[in-house]
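Visitor: Just passing along the structure, written as structure tokens.
Protein chains: 2
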Amino acid sequence: MSVSIEDVAKRAEVSTATVSRALRGLPKVSPATRERVLAVAAELGYVPSPSATGLATGRTKTVGVLMPFVDRWYFGHALEGVDQELRSRGYNLLLLSLGGYLHGNKRRFTEQMVRKQIDGLVVLCMGLSQSELEELAKTQMPVVAVGGPIEGCVGVHIDDFAAATAATTHLIDLGHRKIAHLRGGVKDEINFVVPGLRAEGFAATMRSAGLELRPEFSVAGDFTAAQGAAAAGRIFDLPGEKPTAVFCGSDEMALGLMFEARRRGIRIPEDLSVVGIDNHDFSVLAGLTTIAQDPVEHGRQAAAILLDAVEGKPEAITQKYMPFQLLKRESTARLPS
Amino acid sequence: MSVSIEDVAKRAEVSTATVSRALRGLPKVSPATRERVLAVAAELGYVPSPSATGLATGRTKTVGVLMPFVDRWYFGHALEGVDQELRSRGYNLLLLSLGGYLHGNKRRFTEQMVRKQIDGLVVLCMGLSQSELEELAKTQMPVVAVGGPIEGCVGVHIDDFAAATAATTHLIDLGHRKIAHLRGGVKDEINFVVPGLRAEGFAATMRSAGLELRPEFSVAGDFTAAQGAAAAGRIFDLPGEKPTAVFCGSDEMALGLMFEARRRGIRIPEDLSVVGIDNHDFSVLAGLTTIAQDPVEHGRQAAAILLDAVEGKPEAITQKYMPFQLLKRESTARLPS
DNA sequence: CTGTTAGCGCTTTCAT
DNA sequence: ATGAAAGCGCTAACAG
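Protein sequences, first through last, are from chains A and B. The first sequence begins at 1040 in my numbering and counts up by one. The second sequence begins at 1040 in my numbering and counts up by one.
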């Protein structure tokens, strides 16, 4: 069967305590002993039992990641970043509760999922209800948010309001006046503040430029390409005046819109300028102007901050606003005057 | 601090053994006692310690998922499927070793990652070296492969050779004779058999149709859109005769190729027919003809098979070939004669 | 139906 | 520098 610390101890003719110390690189072990223990452990193929360690220390060396999806561009990449940092620091990654944003109120995120199971929690691109926050607070566990802010938590993400402002300003600078916004769906906006922040950034920028915010120019997708295309259809079908530019809350929606435009023979950027947020892998290929952000780095830094907190490093906790950058490509052009 | 089974036992005035039984729904507990225990547990907010349970039972109720990426279409969706099934059966999901396919030989997948830590392993879209297989065998742990076969393991995936045949046959049926293949890169083909299987399916089909396999018509991408576009460029730059159709080993590469074609003014399908494999979320929007498969379902079934094995269900282990389907869309057309 | 008693495999005082 | 021993919180015989 499985070899335990005791097997190693016997074979190395020391106590289990010494084996434990030697293997973990603690001081107060003579070099000779340490070497012998290491050799025996290797020879026997000893692997410590995380359950036993966890039980004895109260810490699991495991971090939970709470996220609604993995198949969205930002989410998957942020997860990669978290994974990189965790792995490099010897932590495991427990994936919690995919399955989308809640329908109604039946998300089952409870203390149970978390308590005694993980040392810290990364929350990716989702809000937490008041009661969820309370449950979490009870556990005393460090939490960091990635992709968007959560009240009372450290967060690593861009300033979404500012990013939306930059995107919108770019369109305005190009002379556009009739600008539409492809925003998140109801579910997105209930579950996560970021879609709303982007919409607000857009609205505020339009207002301060003295431009009209037509309600029919604000259309909901759900941050996917498919819904982006569908929502684009609704914009294109609008009677009366058409927008000359669209700010999309995500590149995935922007790409969906571009596909739909193409299907209808609407030329980009001649007939319509499009700007998104993300810099999705496909965006450079599609020539999509966008606000680029680096989710892998977000994930890495979030995990780093979290682990510092888990390990009790002083000054560990800090809010981080990550940089973003406008990438001008072929999907936006000056409005012909 | 944290409430333990003993706290519950005391408060309910029973032994810890009874609490344990009551909470796990075991028989031989009087309804009255069970109710009281349940009530006390709820009142105290008791949550069992997975470490303690794991140590006592030797099982962790956790399944590992080994995968090189999460940001590829198939991978992310398969992961969703695995997660769904695991969650519905009360298992946790430990994400192992992202970070791409190995460069050289330095992937660190060892017994250590796995032993005493998980009850079973899902291997997603990657091969395992002989030594890795041996390490795994030592653990006696059930393993199932998703997305492609692994020697000696149960697998859930499509028949990739047949899928490639179907795609290629579709092109041939449309009258194409000069057909190129956008295949996987060196790293993909070393680490995973699927790219090779698809290339072989293509080659075999071409041969049995009596068509010429020109070496310069076989170009390597790496299963991403970006590399698909780059590889497409190499095809388009070929001197002399051009292919009239391309079979792409994945939709992501096919989409990359379509973007590149568009950039160069190459019309699809008028100048070039394109078929992929996957039915990526963007494919329907792009009008890409493809061989559709359902990775979420693959993941679900793989997890189901794995858990049956973990739980010792008889006849649990079975190989599964999943269905696929040719979806004819606008990227393929009859070759004008 | 319920309680008692050993462990599970490790860490961690406290001695020595 | 090393060992002995007491837990960590739970489950699983075994008694009763």
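Cβ atoms here follow ideal geometry from the backbone N, Cα and C, with glycine treated the same way.
Where does A:Thr1263 land, buried or exposed, given buried means 16+ other C-beta within 10 angstroms?
Guide: The residue in question, A:Thr1263, is buried, as its Cβ has 16 or more Cβ neighbours within 10 Å.
Visitor: Taking 8 Å as the threshold (C-beta atoms), are A:Phe1275 and A:Ile1218 in contact?
Guide: Taking 8 Å as the Cβ cut-off, A:Ile1218 and A:Phe1275 do not qualify as a contacting pair.
Visitor: Whose C-beta lies closer than 7 Å to the C-beta of B:Phe1200 among residues of the same chain, with five residues either side of it excluded?
Guide: Leu1236, Glu1239, Gly1240
Visitor: Where DSSP assigns a beta bridge to B:Leu1221, which residues make up the other side?
Guide: B:Val1258, B:Cys1287
Visitor: Which runs of the alpha helix (DSSP H) at least 4 residues long sit entirely within the segment 1086-1170 of chain A? Give them in chain order.
Guide: 1089-1096, 1112-1127
Visitor: Considering A:Ser1312, what are the terminal residues of the beta strand (DSSP E) in which it resides?
Guide: Element bounds for A:Ser1312: 1312-1317.
Visitor: List the residues of chain A whose Cβ lies closer than 9 Å to the Cβ of B:Thr1099, in chain order.
Guide: Pro1089, Ser1090
Visitor: Can you check which of these residues, B:Ala1293, B:Ala1248, B:Lys1067, B:Ile1305, is closest to B:Val1258 by C-alpha distance?
Guide: B:Ala1293
Visitor: From what residue to what residue does the beta strand (DSSP E) around B:Leu1252 run?
Guide: Careful: B:Leu1252 lies outside any beta strand (DSSP E) and carries neither H nor E.
Visitor: Would you say A:Arg1339 lies against chain B (beta-carbon separation less than 8 Å)?
Guide: no
Visitor: Check whether the Cβ of A:Arg1154 lies closer than 8 Å to any Cβ atom in chain B.
Guide: Taking CB atoms only, A:Arg1154 has a neighbour in chain B less than 8 Å away.
Visitor: Looking only at C-alpha atoms, which of B:Gly1120, B:Asp1261, B:Arg1216 sits nearest to B:Thr1011?
Guide: Missing from the structure shown is residue 1011 of chain B; chain B here goes from 1040 to 1376 and no further.
Visitor: Give the range of the alpha helix (DSSP H) segment to which A:Thr1244 is assigned.
Guide: Annotation for A:Thr1244: the continuous alpha helix (DSSP H) segment containing it runs 1232-1247.
Visitor: Given a cut-off of 8 Å, decide if B:Ile1189 and B:Leu1160 are closer than it, judged by their beta-carbon atoms.
Guide: no
Visitor: The beta strand (DSSP E) that contains A:Gly1194, what's its start and end?
Guide: It spans 1193-1196 - the beta strand (DSSP E) in which A:Gly1194 sits, taken as one unbroken run.
Visitor: Just tell me which of B:Val1349, B:Leu1365, B:Leu1366, B:Leu1374 has its CA closest to the CA of B:Val1028.
Guide: The requested residue 1028 of chain B does not occur in the structure, where chain B is confined to residues 1040 to 1376.
Visitor: Which of the residues in the segment 1240-1264 of chain B, read from start to end, lie with their CB under 8 Å from any CB of chain A?
Guide: Residues of the segment 1240-1264 of chain B with a C-beta atom less than 8 Å from some C-beta of chain A are Thr1263, Ala1264, listed in chain order.
Visitor: Which residues in chain A have a C-beta closer than 8 Å to the C-beta of B:Ala1325? List them in chain order.
Guide: Phe1298
Visitor: Once DSSP output is grouped into helix, strand and coil, what is the label at B:Leu1065?
Guide: coil
Visitor: Please report the residue range of the beta strand (DSSP E) in which B:Thr1329 lies.
Guide: First-last of the beta strand (DSSP E) with B:Thr1329: 1328-1331.
Visitor: So B:Gly1186 and B:His1337 are in contact, right, with Cβ under 8 Å, and what is the actual spacing, rounded?
Guide: 7 Å
Visitor: Compare the C-alpha of A:Ser1247 against each of A:Thr1204, A:Glu1124, A:Ser1376, A:Val1042 and name the closest.
Guide: That would be A:Thr1204, whose Cα lies nearest to the Cα of A:Ser1247.
Visitor: Helix, strand or coil, according to DSSP, for B:Leu1277 in the structure here?
Guide: coil
Visitor: Grab me the residues of A:Tyr1140's own chain with a C-beta within less than 6 Å of its C-beta, minus the 5 sequence neighbours each way, in chain order.
Guide: For A:Tyr1140, where only same-chain residues beyond five positions count, the Cβ hits under 6 Å are Pro1107, Lys1226, Asn1230.
Visitor: For B:His1116, go through chain A and note every residue whose CB falls closer than 7 Å to its CB, in chain order.
Guide: Asp1110
Visitor: Any beta-carbon of chain B closer than 8 Å to the one on A:Ala1071?
Guide: no
Visitor: Closer than 9 Å by beta-carbon distance: list the chain B residues that pair up with A:Leu1132, in chain order.
Guide: Leu1133, Leu1134, Leu1135, Leu1137
Visitor: Tell me whether A:Ala1184 sits in a helix, a strand or coil according to DSSP, three-state version.
Guide: DSSP, read as helix, strand or coil, puts A:Ala1184 in strand.
Visitor: Give me the Cα-Cα distance between A:Met1297 and B:Thr1207, rounded to the nearest whole angstrom.
Guide: 29 Å
Visitor: Does the contact criterion of 3 or more C-beta pairs under 8 Å hold for the segment 1296-1311 of chain A versus the segment 1321-1333 of chain B?
Guide: yes
Visitor: Over the uninterrupted beta strand (DSSP E) stretch that includes A:Leu1453, give me the two end residues.
Guide: Here chain A comprises residues numbered 1040 to 1376, so residue 1453 of chain A is not present and cannot be evaluated.
Visitor: Taking all protein chains shown into account, decide if B:Thr1099 is buried (16 or more other Cβ within 10 angstroms of its Cβ) or exposed.
Guide: buried
Visitor: Output, in chain order, the set of chain A residues within a Cβ distance shorter than 8 Å of B:Glu1336.
Guide: Those within 8 Å of B:Glu1336 in chain A number zero; the least Cβ separation is about 14 Å.
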